[in-house]
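First the structure, in the form of structure tokens, and then the observations on it.
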Amino acid sequence: MWLRSLVVAFVLQVSVFGANAAGPFGTVNVGNWAGGAFSNDETGAFSHCAAAAPYANGVSLFVAQNAAGSWLLSFASPSFRFNKGDTAPIDFIFDGQEQARLFATAGTTNMVTTILPPNVARTFQKASLMVVTTNGSKPLQFVLTSTAPLIAALANCVTRVKADGLSKAGDFTKGAAKPAAAEKQAAAPAGGKPARARSGTGFVVSTGGHIVTNHHVIDGCVGDIKGNLSGEAAMVLRVVSSDANNDLALLQAPSTTTFKDFARIRDRSIRSGDSVIAIGFPYHGILTSDFSVTTGIVSSLSGMRNDSRFLQISAPVQPGNSGGPLFDNTGQVVGVVTGKIPALRIAVATGNIPENINFAIKTGVLRDFLDNSIVPYQTAEPKSEIKTTDIAANARPYTMLISCNATEQAEAKR
-9 MWLRSLVVAF
1 VLQVSVFGAN
11 AAGPFGTVNV
21 GNWAGGAFSN
31 DETGAFSHCA
41 AAAPYANGVS
51 LFVAQNAAGS
61 WLLSFASPSF
71 RFNKGDTAPI
81 DFIFDGQEQA
91 RLFATAGTTN
101 MVTTILPPNV
111 ARTFQKASLM
121 VVTTNGSKPL
131 QFVLTSTAPL
141 IAALANCVTR
151 VKADGLSKAG
161 DFTKGAAKPA
171 AAEKQAAAPA
181 GGKPARARSG
191 TGFVVSTGGH
201 IVTNHHVIDG
211 CVGDIKGNLS
221 GEAAMVLRVV
231 SSDANNDLAL
241 LQAPSTTTFK
251 DFARIRDRSI
261 RSGDSVIAIG
271 FPYHGILTSD
281 FSVTTGIVSS
291 LSGMRNDSRF
301 LQISAPVQPG
311 NSGGPLFDNT
321 GQVVGVVTGK
331 IPALRIAVAT
341 GNIPENINFA
351 IKTGVLRDFL
361 DNSIVPYQTA
371 EPKSEIKTTD
381 IAANARPYTM
391 LISCNATEQA
401 EAKR
């Protein structure tokens, strides 16, 4: 009876991403884990897939993936005493090594939920033992049996329901990807952990093949760093210089490669409210293999905590856009896309998911970096406005997919 009430509480708690939910539809049964798919009670639309398991320490775990692809982990116990809406830090130790601090929100007096960043979700999937502490409480231990097939089954649940609808919900453990195939892996470097495929974006800034990207795109890469222009074969790139503080890196194409087309940096300050266009390769391998184009405005001339090195922009960006060019409406580069606000953490802390709050490195910081690296880049005054389609067409010969294999430790820092 207690576990059944917990399932109801968990369904309601996940409503931080929507209204109250109904279900389960279909089944997820892996080891001691049981669950299925859930819908939004108000709209009837698919909400999330979730499963629960009780533990001998009196705490039940709930794992879920919502329709947007975010992973959630909840802890519930009749001994918990929270005020609804309270937030608390939770420290995780996986297999005695991997550590993470996340923030959980109380949806009921007996349950708290945290949102798992992708790297923590991967670690949870592979770990054998998880130790959790919060606010100096006694550590709670969880033996993580069957979590790898559970994650695969929940991901399969989300994929199938989004494709076929709740009416065709069935046994989601059937046809789930094997855990080892859940994410591309490369061979482990000597004495190290397995490396994983990583990708970002870069753009050429000189005829000599100098390419700008983010430091975090190439940080921790093992083996070759490769660059692909749309529709062309990959080339191996060399790291010329990197600035972790300003999140910039300079790569160079092979000496046998020349570029007739390259980006030009705007020589005049941009203003709040000006239109911008972001071009990059988000979720490469999942979405289109071509670059994507998004539009927005400059929302602010400073970043987080008034950091004057950055612009805040409303143009939507995703993982893989990092390092890509940000253009004004005349086709000149006005920034380097560097990331988005940590929406999941903000949602946990405030109960609201921020939208269209993204950041780009200003051209002043970029030009200082290029000057220090002695790169013969070119600047240009803004010209007359041109169509977004033309800006994208002009950018195609010099906007590049950047890819490498990176260590898991490096991935965890991202």
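So that you can map any letter, position 158 of the sequence shown is 148 in my numbering, and since no number is skipped, the others follow by simple counting.
Quick reminder that beta carbons are idealized off the backbone N, C-alpha and C, glycines included.
Is I255 closer than 8 Å to L356 when the C-beta atoms are compared?
yes
Could you pull the DSSP bridge partners for D233 from this structure?
L238
Which class does D361 belong to by DSSP, given the choice of helix, strand or coil?
helix
Proximity winner among T123, Q55, N47, L62, relative to I83 (alpha-carbon distances)
T123
I'd like to know whether the C-beta atoms of V194 and Y388 end up nearer to each other than 8 Å.
yes
May I ask you to report which of helix, strand or coil DSSP gives C394?
strand
Under 8 Å by Cβ, that's how I've got T203 and L241 pegged, so tell me the actual separation to the nearest angstrom.
6 Å
Taking only runs that begin and end inside the region 183 to 222, name each unbroken alpha helix (DSSP H) of 4 or more residues, in chain order.
205 to 208
Pull up the distance between the alpha-carbon of V226 and that of G213, whole angstroms please.
10 Å
So, are the CB atoms of M101 and F65 less than 8 Å apart?
yes
Would you say F84 reaches chain C, if we count a Cβ-Cβ gap shorter than 8 Å as a contact?
In the structure shown, chain C cannot be found, because there is only a single protein chain.
Which same chain residues, not among the five before or five after Q308, have their C-beta less than 7 Å away from its C-beta?
P272, Y273
Among the residues of its own chain, which have a CB less than 8 Å from the CB of R258, if the five just before and after it don't count?
E371, P372
In the structure shown, what three-state DSSP assignment does S157 receive?
helix
Sub-8 Å separation of T95 and T103 beta-carbons:
yes
Going by alpha carbons, who is nearest to A42 out of S298, G314, T137, A35?
T137
What residue ranges within the region 47 to 118 form continuous beta strand (DSSP E) runs of no fewer than 3 residues, ordered along the chain?
50 to 56, 61 to 66, 77 to 84, 88 to 98, 101 to 106
G34 versus G155, L360, M120, residue with shortest Cα-Cα distance:
G155
Near A243, what residues of its chain come up, given a Cβ to Cβ distance below 7 Å and the 5 sequence neighbours on each side ignored?
G199, I201, G217, M225, L227
On the criterion of 16 or more Cβ atoms from any shown chain inside 10 Å, does R150 qualify as buried, or is it exposed?
buried
In the DSSP assignment, find the alpha helix (DSSP H) that holds N384 and state where it starts and stops.
378 to 385
Going by DSSP in three states, N348 sits in which element: helix, strand or coil?
strand
Pick out whichever of N73, G86, D31, G97 has its Cα sitting closest to the Cα of L63.
G97
Within the continuous beta strand (DSSP E) that includes F252, where are the two ends?
F252 -> no beta strand (DSSP E), and no H or E assigned at all.
How is V20 classed by DSSP in three states: helix, strand or coil?
strand
Grouping DSSP H, G and I as helix and E and B as strand, with all else coil, what is L144?
helix
L301, enclosing beta strand (DSSP E) - first and last residue:
300 to 303
Could you have a look at P309 and say whether DSSP puts it in helix, strand or coil?
coil
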